[in-house]
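Beneath this line is the structure, given in structure tokens, with notes to follow.
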Amino acid sequence: MATKNQINFLELNKDLIKEPVLIVGSKLYDFDKEDIRSFLNKSGLSDITGIDLFEGEGVDHRVDIIDTDSEFIKGHKEYFSTIICMEILTNVKNPFVAAENITGMLKKGGSAVFSECFVRKISKMPVDLWRFTYDGTKQLFSKLEFIDSRAKISFTRDKDVNLSELVNPFPQLLHERHKDESFLGYQLRRIHRKFFGKGIFQLSRLMPETTIYSIAKK
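Quick note: the sequence shown, position 104, residue 108 per the numbering used here, numbers continuous.
Put into structure tokens, the structure is as follows:
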């Protein structure tokens, strides 16, 4: 499974993606708009393994990434040059164990590619348990060295690609016009605030659906 922004992030960092590649959470669903394996194939990579909790299209091995007794995990210690794990950790019961297993399967000098939701509606795949900041992802993968200059953020999932530099603080709906906000959108917000700003509508700080993208080396 993948979104346009995830594929774009992989494109931006394809110089660090080497074979063999592991895709964690590789099952394809009817609603998926993109396919990580297809992107990698088009980029000239063929040694690709997909694992998922469930069987299905795109899955080579059924693996629970938090199962430390998994034969697949034990049999692939420091095996993969690249591990791609995009919006998976939010759905696992123990992200700390998952991070340890992912780190263990990554070769020394290898790259790990992540995307994790920070703000998103609740989804059941099969459960929805966590949200991660960039620093939170770093804490999970404390044995890896993150490349801060490559970190990105997006504010939608299904629309056009809109990756931006990861900066702090995150953009918010403030009184002044944001540099990325259209003039019409800003004027409509002013009208709303002046004539309809009562009760819950008095909120001046709203954050859109947000995903954080990062890459780290071992």
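All residues carry an ideal CB built from backbone N, CA and C; glycine is no exception. No experiment lies behind these values; they were computed from the predicted model shown.
Relative to the C-alpha of Gly-62, which residue among Val-28, Gly-140 and Lys-97 is closest?
-> Within the sequence shown, the letter at position 58 stands for residue 62. Per the Cα distances, Val-28.
Tell me which same chain residues have a C-beta within less than 6 angstroms of the C-beta of Thr-215, skipping the five on either side of it?
-> In the sequence shown, counting from the first residue as 1, residue 215 sits at position 211. Only Ser-119, Cys-121 and Ser-158 meet the Cβ criterion.
Express the C-alpha separation of Ile-88 and Gly-54 in angstroms, rounding to a whole number.
-> The residue given as residue 54 occupies position 50 in the sequence shown. The residue given as residue 88 occupies position 84 in the sequence shown. Rounded to whole angstroms, Gly-54 and Ile-88 show a C-alpha spacing of 10 angstroms.
Any idea what DSSP makes of Leu-110, helix, strand or coil?
-> To locate residue 110, count along the sequence shown from 1; it is residue 106. DSSP, reduced to helix, strand and coil, places Leu-110 within a strand of the structure shown.
What residues match up with Phe-84 in a beta bridge as DSSP calls it?
-> As a position in the sequence shown, residue 84 is number 80, starting the count at 1. Paired residue(s): Leu-110.
Go through its chain and collect everything with a Cβ distance to Leu-32's Cβ below 8 angstroms, but skip five positions before and after it.
-> Indexing the sequence shown from 1 puts residue 32 at position 28. Met-5, Asp-39, Gly-60, Glu-61 and Gly-62, listed in sequence order.
First and last residue of the uninterrupted beta strand (DSSP E) at Leu-26 = Indexing the sequence shown from 1 puts residue 26 at position 22. Looking at the DSSP string, the run of the beta strand (DSSP E) that includes Leu-26 is 25-28.
Which partner residues does Phe-118 have in the DSSP bridge list?
-> Here residue 118 is taken as the residue at index 114 of the sequence shown, counted from 1. Phe-118 is bridged to Cys-89 and Ser-218.
How about Phe-150 and Ala-220: do their beta carbons lie closer than 7 angstroms?
-> Taking the sequence shown and counting its residues from 1, the one referred to as residue 150 is at position 146. Taking the sequence shown and counting its residues from 1, the one referred to as residue 220 is at position 216. Yes, these two residues count as a Cβ contact at 7 angstroms.
Check whether the Cβ atoms of Lys-81 and Gly-108 lie closer than 7 angstroms to each other.
-> Counting from one through the sequence shown, the residue named residue 81 turns up at place 77. Counting from one through the sequence shown, the residue named residue 108 turns up at place 104. Judged by their CB atoms, Lys-81 and Gly-108 are nearer to each other than the 7 angstroms cut-off.
Return the residue from the list Val-96, Val-25 and Phe-13 that minimises the CA-CA distance to Ser-115.
-> Translated into the one-based positions of the sequence shown, residue 115 becomes position 111. Here the closest residue by C-alpha is Val-25.
May I ask you to report which of helix, strand or coil DSSP gives Ile-204?
-> Taking the first residue of the sequence shown as position 1, residue 204 is located at position 200. With a pLDDT of 49 at Ile-204, under the threshold of 50, the predicted position of this residue should be treated as unreliable, though the coordinate-derived value follows. Look at Ile-204 here: in three-state DSSP terms it is helix.
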